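In the working numbering, the protein residues as written are -6 to 95. Report on one structure; see the data block that follows.
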């Protein structure tokens, strides 16, 4: 959990927590979920399994970064600055590239 809502995620674990919250936000809006599934090539049946795959959480943050209305709605709802999603994306992408959790 990010200790203070205005803070940026400080490590990959906090970035993943933010991405999980973002996925919940996306899933709560059927239209947004449809756009996310279309963008990722997934369907409702494969979403849960895909969520456990490397790269999935950075796809979630990347989706928000490429959809400003969704980004602003999510960050407003969570009490975060939009830059927190960008920081989470950078941490997740770096973590995937380095295999930090391996």
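Glycine included, every Cβ here is placed at the ideal spot set by N, Cα and C. All values reported here derive from a predicted model rather than from experimental measurement.
Under a 10 Å Cβ-count criterion, residue 7 is classified as buried, with 16 or more other Cβ atoms of the shown protein chains found around its own Cβ. Per DSSP, residue 27 is one residue of the alpha helix (DSSP H) stretching across 23 to 33. Of the residues assessed, residue 87 falls on the exposed side of the cut-off, its CB having fewer than 16 other CB atoms within 10 angstroms. Using a C-beta cut-off of 8 Å, the segment 46 to 64 makes contact with the segment 76 to 85, since at least three inter-stretch Cβ pairs fall below that distance.
Close CB contacts of residue 3 within its chain, under the 6 Å cut and outside five residues either way in sequence, are absent. When secondary structure is reduced to three states using DSSP, residue 41 falls in the helix class. DSSP places residue 48 outside both helix and strand once states are collapsed to three, so it counts as coil.
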